[in-house]
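Order-wise, the sequence lines are chains A and B.
Here the first sequence stands for residues 97 to 292, numbered as in my numbering.
Here the second sequence stands for residues 97 to 292, numbered as in my numbering.
Report on the following structure.
2 protein chains.
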Amino acid sequence: MNKEIPDKRSAILKAAMELIAENGFHGAPTAMIAARAGVGTGTIYRYFADKDVLIREVHRELEERMNLILMVQDTAGRSLKERFNRFFIGMMRFLLDNPLEFKFLEQFYYSPYGVAMRRDKIFNQRSSEQRCDTVKHLFEQGVADGVIKDLPLAILFALFFGTLVSVARDHTLEFVELNEDLIRRTAEASWDAIKR
Amino acid sequence: MNKEIPDKRSAILKAAMELIAENGFHGAPTAMIAARAGVGTGTIYRYFADKDVLIREVHRELEERMNLILMVQDTAGRSLKERFNRFFIGMMRFLLDNPLEFKFLEQFYYSPYGVAMRRDKIFNQRSSEQRCDTVKHLFEQGVADGVIKDLPLAILFALFFGTLVSVARDHTLEFVELNEDLIRRTAEASWDAIKR
DNA sequence: TCATGCGGAGTGAATGTTCAGTCCTCATCT
DNA sequence: AGATGAGGACTGAACATTCACTCCGCATGA
Numbered sequence: 097m098n099k100e101i102p103d104k105r106s107a108i109l110k111a112a113m114e115l116i117a118e119n120g121f122h123g124a125p126t127a128m129i130a131a132r133a134g135v136g137t138g139t140i141y142r143y144f145a146d147k148d149v150l151i152r153e154v155h156r157e158l159e160e161r162m163n164l165i166l167m168v169q170d171t172a173g174r175s176l177k178e179r180f181n182r183f184f185i186g187m188m189r190f191l192l193d194n195p196l197e198f199k200f201l202e203q204f205y206y207s208p209y210g211v212a213m214r215r216d217k218i219f220n221q222r223s224s225e226q227r228c229d230t231v232k233h234l235f236e237q238g239v240a241d242g243v244i245k246d247l248p249l250a251i252l253f254a255l256f257f258g259t260l261v262s263v264a265r266d267h268t269l270e271f272v273e274l275n276e277d278l279i280r281r282t283a284e285a286s287w288d289a290i291k292r
Numbered sequence: 097m098n099k100e101i102p103d104k105r106s107a108i109l110k111a112a113m114e115l116i117a118e119n120g121f122h123g124a125p126t127a128m129i130a131a132r133a134g135v136g137t138g139t140i141y142r143y144f145a146d147k148d149v150l151i152r153e154v155h156r157e158l159e160e161r162m163n164l165i166l167m168v169q170d171t172a173g174r175s176l177k178e179r180f181n182r183f184f185i186g187m188m189r190f191l192l193d194n195p196l197e198f199k200f201l202e203q204f205y206y207s208p209y210g211v212a213m214r215r216d217k218i219f220n221q222r223s224s225e226q227r228c229d230t231v232k233h234l235f236e237q238g239v240a241d242g243v244i245k246d247l248p249l250a251i252l253f254a255l256f257f258g259t260l261v262s263v264a265r266d267h268t269l270e271f272v273e274l275n276e277d278l279i280r281r282t283a284e285a286s287w288d289a290i291k292r
């Protein structure tokens, strides 16, 4: 055997994601991550240069998965409103079906990691922010067609993602119990905010 | 003199808030907090049982300040929409005028501290969540009058706060530059989401 | 036997917390 | 007024713990 077993790498990523989601960054020491992944602590460092790299990698792979799922959701040819709805509901589905992933993302996003990442994205103009790009095109087209309010993109995003994430969080904290119908009506309300 | 000097307590709270806002929980060791506050490290423990208590106290006092500011914003007798607008704009003002406080709140809210706090609030039915109560009454009245969509309160909150916080964040990260007019139009869009 | 992925006790740095001592303040007494 | 002594707020070096990371021996397969 002269190749590292990829299962261990995945197990480490999964364990790190779960522990950080459940206990925050404080509550996820390397020893605990290794134990949950069923590997020795040293093994982590065979796959990742240090803990920071591990954490950023968890985020990167998670974002990749989300992008794939959301790309599939998009179906050209329908009305703008329908496409908007599919995105909203698809994204919501993902967050509700993957509560640990969602919690990790929140931890990451609002920590210095997330801030650094966003700074990096702005300054270096990272290419493939595909998920946002797709929604971005949706909005740009809508503004051009006069269907969507002529507001800065960032604000349209806030009206979309801000609401979406807030509602998903309320669900995980059991402030509301979402069902198909409620999600649809929330998407509708979000659309009302954006439409002209 | 047999009373502790309240200035030191305030200085410690302020230093902790600033450091956590700037560097996250990791980047705010007690030694650094003490140094910035201009006191000895031991002094922190004369005023707070431990670091956790200190952090929760920063949050508690901050929330109190916000409540005060927002209570003042409310003026009965106007139309529901106007009252809604005043809240939206007042809250936005606070977040934009106090970027460090806003950053601290985000750090706190999405960390295990915040989750614990919210859990606590649900189970123990904490009395005086005044800020939310005021907005809550606004929404309840609106639903009763048929002016606002008949959605669960949590979702109306998400449509309001979710958007608000997202936009404020975008501003601090310089994704948008907000001005009076843009804030007003964003409040308008948020109202569109909520109104029937 | 050699090569290599792996494990986990060990290491040093960093951090929260403590505690013995300092020094300022003020009441009391001359 | 000036001297004195006690009380206690304050300090920061020392301590105990925790944590990220390393390193050397082991097991496994060729």
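All residues carry an ideal CB built from backbone N, CA and C; glycine is no exception.
Whole-number beta carbon distance between residue j and residue i, since they are thought to touch under 8 Å
{"i": "Tyr-206(A)", "j": "Glu-202(B)", "result": "5 Å"}
{"i": "Leu-260(B)", "j": "Phe-184(B)", "result": "6 Å"}
{"i": "Phe-200(B)", "j": "Val-154(B)", "result": "7 Å"}
{"i": "Leu-176(B)", "j": "Leu-234(B)", "result": "7 Å"}
Whole-angstrom distance between residue j and residue i, CA atom to CA atom
{"i": "Lys-104(B)", "j": "Tyr-141(B)", "result": "12 Å"}
{"i": "Arg-174(A)", "j": "Ile-129(B)", "result": "56 Å"}
{"i": "Ile-248(A)", "j": "Val-272(B)", "result": "Just to set this straight, residue 248(A) is Pro in the shown sequence, not Ile. For Pro-248(A) and Val-272(B), the distance between alpha carbons rounds to 7 Å."}
{"i": "His-267(A)", "j": "Leu-192(A)", "result": "8 Å"}
{"i": "Asp-277(A)", "j": "Gly-134(B)", "result": "56 Å"}
{"i": "Arg-215(A)", "j": "Leu-269(B)", "result": "8 Å"}
{"i": "Ser-106(B)", "j": "Ala-283(A)", "result": "44 Å"}
{"i": "Met-188(A)", "j": "Ile-279(A)", "result": "8 Å"}
{"i": "Leu-115(A)", "j": "Arg-132(A)", "result": "9 Å"}
{"i": "Pro-102(A)", "j": "Leu-274(B)", "result": "47 Å"}
{"i": "Lys-147(B)", "j": "Val-243(B)", "result": "46 Å"}
{"i": "Leu-109(A)", "j": "Arg-281(A)", "result": "36 Å"}
{"i": "Arg-292(A)", "j": "Asp-241(A)", "result": "10 Å"}
{"i": "Asn-119(A)", "j": "Leu-252(B)", "result": "29 Å"}
{"i": "Asn-220(A)", "j": "Phe-144(B)", "result": "43 Å"}
{"i": "Ala-117(B)", "j": "Glu-178(A)", "result": "40 Å"}
{"i": "Asn-194(A)", "j": "Val-211(B)", "result": "18 Å"}
{"i": "Phe-204(B)", "j": "Lys-217(B)", "result": "15 Å"}
{"i": "Phe-256(B)", "j": "Trp-287(B)", "result": "8 Å"}
{"i": "Met-213(B)", "j": "Arg-156(B)", "result": "10 Å"}
{"i": "Arg-265(B)", "j": "Glu-236(A)", "result": "21 Å"}
{"i": "Phe-190(B)", "j": "Arg-152(A)", "result": "32 Å"}
Beta carbon of residue i nearer than 7 Å to that of residue j
{"i": "Gly-186(B)", "j": "Gly-258(A)", "result": "no"}
{"i": "Glu-197(A)", "j": "Leu-158(A)", "result": "yes"}
{"i": "Ala-289(B)", "j": "Ala-285(A)", "result": "yes"}
{"i": "Ala-254(A)", "j": "Val-231(B)", "result": "no"}
{"i": "Leu-89(B)", "j": "Ala-112(B)", "result": "In the structure as shown, chain B begins at 97 and stops at 292. Residue 89(B) is therefore absent and cannot be evaluated."}
{"i": "Gln-169(A)", "j": "Arg-161(A)", "result": "no"}
{"i": "Thr-126(B)", "j": "Thr-139(B)", "result": "no"}
{"i": "Asp-229(B)", "j": "Val-239(B)", "result": "no"}
Coarse secondary structure for residue i, derived from DSSP in three states
{"i": "Lys-291(B)", "result": "strand"}
{"i": "Ala-124(B)", "result": "coil"}
{"i": "Glu-273(A)", "result": "coil"}
{"i": "Tyr-141(A)", "result": "helix"}
{"i": "Asn-181(B)", "result": "helix"}
{"i": "Val-261(B)", "result": "helix"}
{"i": "Asp-146(B)", "result": "coil"}
{"i": "Asn-119(A)", "result": "helix"}
{"i": "Gly-186(A)", "result": "helix"}
{"i": "Tyr-205(A)", "result": "helix"}
Q: Starting from the N-terminal side, write out each stretch of the beta strand (DSSP E) that is 3 residues or longer and does not extend beyond the stretch 151-175 of chain A.
A: Correct list: empty.
Q.
Ignoring anything shorter than 4 residues, give me the alpha helix (DSSP H) runs that lie fully in the stretch 210-257 of chain A, in order along the chain.
A. Counting whole runs of 4 or more residues, the stretch 210-257 of chain A contains the alpha helix (DSSP H) stretches 226-241 and 249-253.
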